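Let me begin by presenting the structure, written as structure tokens, before commenting on it.
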Amino acid sequence: MKKLIVCCLVQLFFINSLFALKITVIGTGYVGLVTGACLALDHDVICCDIDCKKIDLLNKGIIPIYEPQLQELVTKLCTSCRKKTGSIKFTCDVAQSIQEADVLMVAVGTPTDDAGRADLSILRKAFETIAANLNGYKVIIIKSTVPIGTGDTMQKLIKAKSLVDFDLVSNPEFLREGSAVNDFLYPDRIVIGTSSKKAENVMREVYNTWIEEHVPFIVTDVVTSESIKYACNAFLASKISFINEFALLCDVCDADVNTVAYAMGLDKRIGPLFLKPGPGYGGSCFPKDTQALKTLAQDYACELRMVQATIDANNKQRKAVCHKIEKIMHRDLTGKTIAVLGLSFKPETDDVRYSCAIDTIEYLLEKKALVKAYDPIAMDNFQKIFPNITYCQSWMEAVSDADCLVLLTDWEEFKKIPLRMLGTIMKQTCIVDARNLWSPVKIAELGYTLENMGRKY
Ligand code: UGA
2 MKKLIVCCLV
12 QLFFINSLFA
22 LKITVIGTGY
32 VGLVTGACLA
42 LDHDVICCDI
52 DCKKIDLLNK
62 GIIPIYEPQL
72 QELVTKLCTS
82 CRKKTGSIKF
92 TCDVAQSIQE
102 ADVLMVAVGT
112 PTDDAGRADL
122 SILRKAFETI
132 AANLNGYKVI
142 IIKSTVPIGT
152 GDTMQKLIKA
162 KSLVDFDLVS
172 NPEFLREGSA
182 VNDFLYPDRI
192 VIGTSSKKAE
202 NVMREVYNTW
212 IEEHVPFIVT
222 DVVTSESIKY
232 ACNAFLASKI
242 SFINEFALLC
252 DVCDADVNTV
262 AYAMGLDKRI
272 GPLFLKPGPG
282 YGGSCFPKDT
292 QALKTLAQDY
302 ACELRMVQAT
312 IDANNKQRKA
322 VCHKIEKIMH
332 RDLTGKTIAV
342 LGLSFKPETD
352 DVRYSCAIDT
362 IEYLLEKKAL
372 VKAYDPIAMD
382 NFQKIFPNIT
392 YCQSWMEAVS
402 DADCLVLLTD
412 WEEFKKIPLR
422 MLGTIMKQTC
432 IVDARNLWSP
442 VKIAELGYTL
452 ENMGRKY
């Protein structure tokens, strides 16, 4: 089915395509790869990276990350599409890739440094390489999430090292891991930050297919574009922190947070999305971006109290999961077997960065519990952080003989667990459902003990 969807998308984009630009994407993380693959439906794209091992894998047709639809899209592009409008190529020759392109997209990582700021060292290196290889006018796009003002800094960096004409553009991404291909192909809006009309016109060519499909195309200056990205992520994170705090209130008031969230979401001014209570937001974006935004604002002597409160509520939420485990196990975790289901920070990804499973398992090990973990996709990545816990081949193996089941990621597979069976295979049927996946009513009927995040029905 997914193959069929990608096939249709490929055809749709070829029909609409008018221009083919030479685009080089620097950085083959999930943003760079998804961006490169989707733009290759219309343009001639080179995806380059200094990591030659990753490029070797890509050239063998192996996508180094788990991202739904990406494998199918890249395979399709590599096999049938070269003869048509777009194409995709992978290389670790960054210098050559820069020289060959009209448009450069920088999509490298900007992790948090020890002071809570975005670490721009990888980005700076990429711009130094660009400066050293500028061989004619190019539009240089920053796709990476960068602190407000970075575009200006990078522009100065190139101007100090090269006399060749170029324009700098900020073009933030709004891709969610797990649905990034779909998010790229069907965006809510495209944001372009530039002070150059020439660069704006090139960006209109890059996104011609989307403009023809009437996707809102917002053109603004670079700092405003950079600000939009942080505002969106901070606002979404605050929506999650709000409902998470409210879930804890529902717990103590005996109200049902799911009904609260549903009724709130029907108000058009609020909307239904990002109101799902859970163990606190994780991943490579919200924790890092809220922190970086807070620190950046402080540098301007501007206090962002809402962002601070969002971060605080999230830290509290992650601890709340541990408190719930402690409560259900009557504060006695020594030697107890705890089955942890779900290790990725959310379903449909193998990414474990800032996953709440990290905090939870750290806590369990500190309390001398025995951890049996299972995740459909993310176990290899998790093993790099926790090599010494027991990894199971199925949810059933994980929960067998366990004293407590802790559900941390709402994978589809876990929705289908026959709850009745748990009573026959677990030592004690204590369940901590950190994603409100299962009906507390059904669990009560089965006579199990349950802690969840404010869900009553
Ligand atoms: C997020 C944004 O949603 C993207 O728009 C943005 O482009 C991306 O960051 C980025 O800056 O690169 P992502 O981190 O991939 O995307 O995943 P989300 O779906 O936003 O989930 C983030 C975290 O919030 C996860 O831990 C998820 O479980 C949690 N979450 C999300 C909730 O607890 N409740 C919700 O209702 C929604």
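Just so you know, we're using our numbering here: the sequence shown kicks off at 2 and counts up by one. Every residue, glycine too, gets a C-beta built ideally from N, C-alpha and C. Predicted model only: the values in this text are computed from it and were never measured.
Tell me the residue span of the beta strand (DSSP E) that contains Gly-194.
191 to 194
What residue range does the beta strand (DSSP E) around Ser-88 cover?
88 to 92
Below 7 Å, is the gap between the Cβ of Asp-290 and the nearest heavy atom of the ligand UGA?
yes
Leaving aside the five residues before and after Glu-101 along the sequence, list all residues of the same chain whose C-beta is less than 8 Å from its C-beta, in chain order.
Lys-23, Thr-25, Ile-47
Please tell me whether Gly-336 has its Cβ less than 8 Å away from any Cβ of chain B.
Of the chains in the structure shown, none is chain B; there is only one protein chain.
Looking at Tyr-449: is its Cβ nearer than 8 Å to the Cβ of Leu-423?
yes
Let me know the secondary structure DSSP gives Asp-252 once reduced to three states.
helix
At 4 residues or longer, and completely inside the stretch 367 to 445: list those alpha helix (DSSP H) runs for me, N to C.
380 to 384, 396 to 400, 413 to 416, 420 to 426
In whole angstroms, what is the alpha-carbon distance linking Phe-128 and Lys-162?
10 Å
Can you find the residues in the same chain that come closer than 7 Å, C-beta to C-beta, to Ala-314, ignoring five residues on each side of it along the sequence?
Ser-242, Asn-245, Glu-246
Within the same chain, show all residues whose beta-carbon is closer than 6 Å to that of Tyr-138, passing over the 5 residues directly before and after it, in chain order.
Asp-166
Could you check how far apart the C-beta atoms of Val-322 and Thr-361 are, in whole angstroms? I think they sit under 8 Å.
6 Å
Return the Cβ separation of Val-372 and Ile-390 in integer angstroms, given the expectation that the two are a contact with Cβ distance under 8 Å.
4 Å
For Glu-367, count neighbouring Cβ atoms within 10 angstroms of its own Cβ and tell me buried if that reaches 16, exposed if not.
exposed
Per-residue burial, Ala-262 [other beta carbons within 10 Å of its own, 16 or more giving buried]
buried
Does Lys-77 pass the burial test, meaning 16 or more other C-beta atoms within 10 Å, or should it be called exposed?
buried
Just checking Asn-259 against the ligand UGA - is the residue's beta carbon closer than 7 Å to any of the ligand's heavy atoms?
no
Cβ neighbour criterion (16 or more within 10 Å) applied to Pro-419:
exposed
Using only CA atoms, which one of Ser-197, Arg-319, Leu-176, Leu-121 lies nearest to Thr-154?
Leu-121
Could you give the DSSP three-state label for Lys-457: helix, strand or coil?
coil
Among the residues of its own chain, which have a CB less than 7 Å from the CB of Val-497, if the five just before and after it don't count?
The chain is shown only over 2 to 458; residue 497 falls outside these bounds and no answer can be derived.
Give me, in chain order, the residues of the same chain whose beta-carbon lies closer than 7 Å to that of Leu-276; leave out the 5 immediate sequence neighbours on both sides.
Lys-240, Ile-244, Ala-262, Met-265, Gly-266
CB of Gly-284 to nearest heavy atom of the ligand UGA: below 7 Å?
yes
What three-state label does DSSP hand Met-106 in the structure shown?
strand
Report yes if the CB atom of Gly-272 is closer than 8 Å to the CB atom of Glu-227, and no otherwise.
no
Cβ-based neighbour list, Gln-309, same chain, cut-off 7 Å, excluding 5 preceding and 5 following
Lys-295
Would you mind working out which of Lys-269, Val-253, Gly-284, Cys-93 sits nearest Leu-176, comparing C-alpha positions?
Gly-284
Where Ile-56 sits in the DSSP three-state scheme:
helix
Give the straight-line distance between the Cα atoms of Leu-42 and Ala-232, rounded to the nearest whole angstrom.
30 Å
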